[in-house]
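Engineer: Chains as they are written, first to last, in UniProt numbering: chain A, 1 to 323; chain B, 1 to 323; chain C, 1 to 323; chain D, 1 to 323.
Note that CB positions come from ideal geometry on N, CA and C, so glycine has one too.
Protein chains: 4
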Amino acid sequence: MDKIKNIGVFTSGGDAPGMNAAIRSVVRTALHYDIQVTGIMKGFEGLITGDFMPMNSKSVANIIQRGGTILKTGRSDAFLTKEGRQIAYDNLVRNNIDALVAIGGEGTFKGANIFAKEFNVPIVGMPGTIDNDLIGTDHTIGYDTATNTVINAVDKIRDTAESHDRLFIVEVMGRDSGLIALRSGIGVGAEAILIPESKTDVEVLFNTLSSGRKDKASKIIIVAEGEEIGGFEIAELVKEKFPNYDTRLSILGHIQRGGRPSCADRVLASRLGVAAVEALLNGKKCMMVGLMNQNVVYTHFDNAIKHLSEADPNLLKIVRILS
Amino acid sequence: MDKIKNIGVFTSGGDAPGMNAAIRSVVRTALHYDIQVTGIMKGFEGLITGDFMPMNSKSVANIIQRGGTILKTGRSDAFLTKEGRQIAYDNLVRNNIDALVAIGGEGTFKGANIFAKEFNVPIVGMPGTIDNDLIGTDHTIGYDTATNTVINAVDKIRDTAESHDRLFIVEVMGRDSGLIALRSGIGVGAEAILIPESKTDVEVLFNTLSSGRKDKASKIIIVAEGEEIGGFEIAELVKEKFPNYDTRLSILGHIQRGGRPSCADRVLASRLGVAAVEALLNGKKCMMVGLMNQNVVYTHFDNAIKHLSEADPNLLKIVRILS
Amino acid sequence: MDKIKNIGVFTSGGDAPGMNAAIRSVVRTALHYDIQVTGIMKGFEGLITGDFMPMNSKSVANIIQRGGTILKTGRSDAFLTKEGRQIAYDNLVRNNIDALVAIGGEGTFKGANIFAKEFNVPIVGMPGTIDNDLIGTDHTIGYDTATNTVINAVDKIRDTAESHDRLFIVEVMGRDSGLIALRSGIGVGAEAILIPESKTDVEVLFNTLSSGRKDKASKIIIVAEGEEIGGFEIAELVKEKFPNYDTRLSILGHIQRGGRPSCADRVLASRLGVAAVEALLNGKKCMMVGLMNQNVVYTHFDNAIKHLSEADPNLLKIVRILS
Amino acid sequence: MDKIKNIGVFTSGGDAPGMNAAIRSVVRTALHYDIQVTGIMKGFEGLITGDFMPMNSKSVANIIQRGGTILKTGRSDAFLTKEGRQIAYDNLVRNNIDALVAIGGEGTFKGANIFAKEFNVPIVGMPGTIDNDLIGTDHTIGYDTATNTVINAVDKIRDTAESHDRLFIVEVMGRDSGLIALRSGIGVGAEAILIPESKTDVEVLFNTLSSGRKDKASKIIIVAEGEEIGGFEIAELVKEKFPNYDTRLSILGHIQRGGRPSCADRVLASRLGVAAVEALLNGKKCMMVGLMNQNVVYTHFDNAIKHLSEADPNLLKIVRILS
């Protein structure tokens, strides 16, 4: 392989806090190694439309603290087709971009994997998603911030719950993964946490509510959004079963994606940005860089899939003991 | 009237940030004037159940910064009956409570007004509600904090809207009053604000969206919750009319009631707590204390009703100019 | 006077949260009235160096929530000279800028006043300073945010004070004005507040500390920074007089200037930006626009001076009652 | 050893966010296993004065989100003497407390170690300190929150630095350990970080400042407080060497200890509280529980000392590349 001279960087999929810190790190690291770097707008869509912009050190000044992504993100139907990807490749060649850093989640890496193999383009991925649902890294960029956003919101809801002796069903993000629900639920001292992984029987929740401490009138139930049953359905079931409770539903929604990234997410994004560029320089391709036990780990895109493991039984036990 | 020796204080209606600061101020001021003070739990309900607790300076230590209300709040069906109010009065007599401070909104003052007239109990009210919908005070306790909570949440949503070029419909609280929507909408730079007072024709919104700047792909529309049409309905209408927009709905919900009060709300609550106790000592009754143009103002409970005035046209003009 | 065709806008003096919201409002309002608008960098210095940039609607997109000022600010020795101001005027003429909006404090308006009179340039001022020390407006842009920043910081310090039974001397900004100290001191429930206006005898503080509630071991004293005596000196005096207290000093410093503006500051900046441009269009000059009791008020630069009035005795009374 | 029937819990040393979450977890876990639990006030001092209070589930309700420690903390000269410790032991016997959980740092564990060996009292420690300077755990309780507090403060300072083109020297906590400085320095995108571990030659800093990007006028230097040289000294040296810079000093101080704990700190405290009680039930003594790579790890008090290792060279490299 020839020496890399120009790295393209883009963000794809749902936005996550720390994506800007990741972009900054990729840009500054590339420049540090005397490599040009090009920002690609709106993920795969920008590859196809050729929405490129050369980036210098100043392009990423004062963005480490900002939520969202200055490169924007989105979905691309065209990239799902061979013709679309051919156009994308031609755009890379025309702009002398000879390697890519892709920041996103499972879908991003799947698309990147196909593209990399079709056109032999070196691509390294960085895990940017609030869901923390990827193997190959202890945490994804954005997860820590999202859990802090959730507990800040639920702390506010707790004020109202305490003042009115209410039961609140709070739905948090995580369609296939309950990791946001599990950590933030422990963080707010929830009475119960319902997540996809534990296939929670609603009867278990009912038992918890029935046997709860009598001196505790306010309650918080954290529910991960789900395909089959979400906060709305749970709230209806609880209202029917426990008509004496003053039960309310709160769907936190999109506030969980935005906001200034936490220190942990900024540091993680900064480290992985350096690792991603250095991985490309070392000839790696089709790899996601992650951080496990403080070490940089490389996971092939073939394996960089969501982990749908059972929830950590240690954490579930803690919920039961402490509520 | 005999000299007041024991003031009861309670919070009623929806909780609002700053209610604890208000309680603290009432308690400390009463003690300053060598008057006993008794906390009444859960609003009118606690009057009937006799859920009283004597309060000293330490009872209200370290609560000025807390959301919710340590005295809890709630509704009382029993207090709507003459029999219920008789029990409440008997409880006051039995506990030597000879005056009340009622912290809440319109409903609170209506109930207090009836009770005060029936039994000749001196009652002074303090405006505690996030909705800012009372005459007789520039701001209600909790309004400033709620608007800050809204803009903090919408700033996060804006990150996602910018990253995805989305249009977000954000529903905020204010069933009969669009003041939260109006101020926070200006605060976040919303493209449009829909409030009950302006009886907004949805066509006006459509015109705004049609004529918006072409270089601005992300948009925020703030909608006050409403009897007739709320965020959900607006979102459906926009999706139908503008299928090309990537339109999302976010209902902020109960996070708007909780949280640590802002400095302005703490100062307002502190001032009005002093004013409320001093008003009782000066023989005032059936009055809400408010602050208008930095002066303490007294409004008779007969008049302390919601103001359903037209929205300030100056503010509506600003939305149009700046979006 | 000819019709205004191009308004220059700049920020000067210490930065304040909400300056960006003010710039955005000036730019958008000018464009709304089909007037060009030019950003002048670094205050008066940029007038002299000709550091100008044309601004459009997009120039001020997504800045309403940001602290600091995108136009930067600074001091200018050259502008103190007639020669410097002549260069500045020539730059305005060369760039067809025929009116100015100056965002800053007393010093800014003094400089603007001289320049406006020398060269007959229409200038309108907007009050942007955290100190709230200007006549002609209830609040200056930045003051509300600064007080919230202070209480957030002192709430954290209170955690430590409570845990260790300590006395904390906290110095806040406000060299000539104790308004930040006074409001934030009430907001945090300070035991005492020392401000320049009240010419506080340290003996009064000593009496407060001597006579304080015995059941309250932790204490917070808020001190406005001052020419003669600041936090450091107060802390030394307290340590000497009360050796049994575990006394600590915290100087909050520059965190008070930055940060995302509060909703109140964003709304104030938005309103005054509209008012400033409209004032120029209506032929006003050498005027600061302010907001008093929700009405736009115009104060001539000759009078737009710091108010060094006595502190509001109502607020000082509240501190004594509630601590 | 007889079965444990009553566990005493106390906090000692500097307070840290998450200590309340730790107390809550210890109390709830003990109750879960049908063991009594007694709160000991003010650390070792309370052991000697017998300042004990029985705790139930409600004692720790609604504290998971609060900074500081409801059990208070402090130093004890008396506990340094054999006589003092004898009194402490007698108090435990008199109150039927047969095991202890000690939450604090190195000094806490040293004291606990001596006491445990002298009187054969089972004691388990939990790492509660913002400094993250203990071996046997990836993170100490409070560290994550402290780094978030630092970056929030420095983000505000950056606003002012950017607006004025200033250089800010920001001193953060960490007398013997630069871990707060290192992580938060990366988190804010600092131009340089000075920490005790790297024995930084001031000349290196000077070189960094001399060779910095010319297009970047504002700069942030993070300095860990230190025995030999702290923020003040560095600021003086920089002012002398670079008189053209507008250099300012900000000492963040005690705000770094307080505040609502982050989600990560609440989860860590919750997990370690369960682990601490279970360790006692399993017969462990003189052990600190920690979490390493998501596993509970036990470190004997003999080894639970501060780690004064060299700073992670990977992190130092990142600072150089990204600034």
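Give the residues of chain F in contact with D:L322, contact being defined as C-beta atoms less than 9 angstroms apart.
Structural biologist: Any reference to chain F falls outside this structure, whose protein chains are A, B, C and D.
Engineer: In its own chain, which residues sit with a C-beta less than 7 angstroms from the C-beta of C:Q256, not counting the 5 before and 5 after it?
Structural biologist: Hits under 7 angstroms: I130, A146, T149, V150, V172 and M173.
Engineer: Can you tell me whether C:T11 is buried or exposed? The criterion is at least 16 other CB atoms within 10 Å of its CB, across all chains shown.
Structural biologist: Classification of C:T11: buried, given that the 10 Å Cβ count is 16 or more.
Engineer: How many Å lie between A:I97 and A:N282 at the Cα?
Structural biologist: Cα to Cα, A:I97 sits roughly 17 angstroms from A:N282.
Engineer: Out of curiosity, what's the CA-to-CA distance linking A:K239 and A:L249?
Structural biologist: Looking at the two C-alpha atoms, the distance is approximately 10 angstroms.
Engineer: With H, G and I counted as helix, E and B as strand and the rest as coil, what does DSSP make of B:S25?
Structural biologist: Reduced to three states, the DSSP call for B:S25 is helix.
Engineer: Could you tell me whether the segment 295-309 of chain A touches the segment 71-81 of chain B, where touching means 3 or more Cβ pairs closer than 8 angstroms?
Structural biologist: Taking 8 angstroms as the limit for Cβ pairs, the verdict is that the segment 71-81 of chain B does not touch the segment 295-309 of chain A.
Engineer: Answer yes if the segment 119-133 of chain C comes into contact with the segment 266-284 of chain C, meaning at least three C-beta pairs across the two stretches below 8 angstroms, and no otherwise.
Structural biologist: Contact between the segment 266-284 of chain C and the segment 119-133 of chain C is present, because at least three Cβ pairs lie under 8 angstroms.
Engineer: Hey, could you find the ends of the beta strand (DSSP E) B:G230 is sitting in?
Structural biologist: Neither: B:G230 is in no beta strand (DSSP E) and is coded neither H nor E.
Engineer: Taking D:F109 as the reference, which of D:H300, D:S76 and D:V223 has the closest Cα?
Structural biologist: Nearest C-alpha to D:F109: D:H300.
Engineer: Just tell me which of C:D312, C:I318 and C:A269 has its CA closest to the CA of C:V296.
Structural biologist: Nearest C-alpha to C:V296: C:A269.
Engineer: Could you name the residues of chain B that C:T147 contacts, counting a contact when the two beta carbons are closer than 9 angstroms?
Structural biologist: Ordered by position in chain B, the residues that pass the 9 angstroms Cβ test against C:T147 are S262, C263, A264 and V267.
Engineer: According to DSSP, simplified to helix, strand and coil, what is D:R175?
Structural biologist: D:R175: coil per DSSP, three-state reduction.
Engineer: Quick check on A:Q36: does DSSP put it in helix, strand or coil?
Structural biologist: In the structure shown, A:Q36 sits in a strand (DSSP, three-state: E or B).
Engineer: Beta-carbon of A:S57 versus every beta-carbon of chain B: anything under 9 angstroms?
Structural biologist: With 9 angstroms as the cut-off, A:S57 does not count as an interface residue toward chain B.
Engineer: Taking the C-alpha atoms as reference points, what is the distance between A:G187 and A:R260?
Structural biologist: Computed Cα separation, rounded: 19 angstroms.
Engineer: Whole angstroms is fine: what's the gap from A:R28's alpha carbon to A:V9's?
Structural biologist: Each residue's Cα considered, the two are about 12 angstroms apart.
Engineer: Out of B:E106, B:D312, B:V274 and B:I180, which has the shortest C-alpha to C-alpha gap to B:I35?
Structural biologist: Of the candidates B:E106, B:D312, B:V274 and B:I180, the one whose C-alpha sits nearest the C-alpha of B:I35 is B:V274.
Engineer: Where do the ends of the alpha helix (DSSP H) carrying C:H164 lie?
Structural biologist: Element bounds for C:H164: Y143 to H164.
Engineer: Can you give me the C-alpha to C-alpha distance between residue 328 of chain D and D:E225, rounded to a whole angstrom?
Structural biologist: The requested residue 328 of chain D does not occur in the structure, where chain D is confined to residues 1 to 323.
Engineer: Listed from N- to C-terminal order along the chain, which residues in the segment 94-109 of chain D have their beta-carbon within a distance smaller than 7 angstroms of any beta-carbon of chain C?
Structural biologist: Cβ contacts with chain C: none found.
Engineer: Could you please tell me which residues of the segment 183-197 of chain B, in chain order, have their CB closer than 8 angstroms to any CB of chain C?
Structural biologist: Within the segment 183-197 of chain B, the qualifying residues are R183, S184, I186, G187, V188 and G189.
Engineer: Confirm, please, whether the CB-CB distance from C:T38 to C:N95 is below 9 angstroms.
Structural biologist: A contact, by the Cβ cut-off of 9 angstroms.
Engineer: Please confirm whether B:H139 has its beta-carbon closer than 9 angstroms to some beta-carbon of chain A.
Structural biologist: Not one chain A Cβ lies under 9 angstroms of B:H139.
Engineer: How many Å lie between residue 340 of chain D and A:L179 at the Cα?
Structural biologist: The structure shown does not extend to residue 340 of chain D, since chain D spans only 1 to 323, so no value can be given for it.
Engineer: Check each residue of the segment 293-306 of chain D: if its Cβ is closer than 7 angstroms to any Cβ of chain A, include it; give the result in chain order.
Structural biologist: So the close ones are N293.
Engineer: If you measure between the beta carbons of residue 365 of chain D and D:G68, is that distance less than 9 angstroms?
Structural biologist: In this structure chain D extends from 1 to 323, so residue 365 of chain D is not present and cannot be described.
Engineer: Return the Cβ separation of B:I169 and B:L182 in integer angstroms, given the expectation that the two are a contact with Cβ distance under 8 angstroms.
Structural biologist: Rounded, the Cβ-Cβ distance is 16 angstroms, inconsistent with contact.
Engineer: Could you tell me whether any Cβ in chain B is nearer than 9 angstroms to the Cβ of C:K3?
Structural biologist: No - not a single Cβ of chain B is within 9 angstroms of the one on C:K3.
Engineer: Within the same chain, show all residues whose beta-carbon is closer than 6 angstroms to that of A:S323, passing over the 5 residues directly before and after it, in chain order.
Structural biologist: Around A:S323: E191.
Engineer: Give the residues of chain C in contact with B:D155, contact being defined as C-beta atoms less than 8 angstroms apart.
Structural biologist: Going along chain C in sequence order, the residues near B:D155 (Cβ under 8 angstroms) are Q65 and R260.
Engineer: Determine, using beta carbons only, whether A:G111 and A:M19 come nearer to each other than 9 angstroms.
Structural biologist: No.
Engineer: When the Cα of C:A22 is compared with those of C:A61, C:G189 and C:N244, which residue comes out closest?
Structural biologist: Comparing Cα positions, the closest option is C:A61.
Engineer: Residues of chain B with CB under 8 angstroms from C:E162, in chain order?
Structural biologist: Chain B residues near C:E162: N62.
Engineer: From D:L31 to D:K72, what does the alpha carbon distance come to, in whole angstroms?
Structural biologist: Rounded to whole angstroms, D:L31 to D:K72 spans 22 angstroms at the Cα level.
Engineer: Rounded to whole angstroms, what's the CA-CA distance from A:K42 to A:F52? Just pull it up for me.
Structural biologist: In a straight line, the C-alpha of A:K42 is about 10 angstroms away from that of A:F52.
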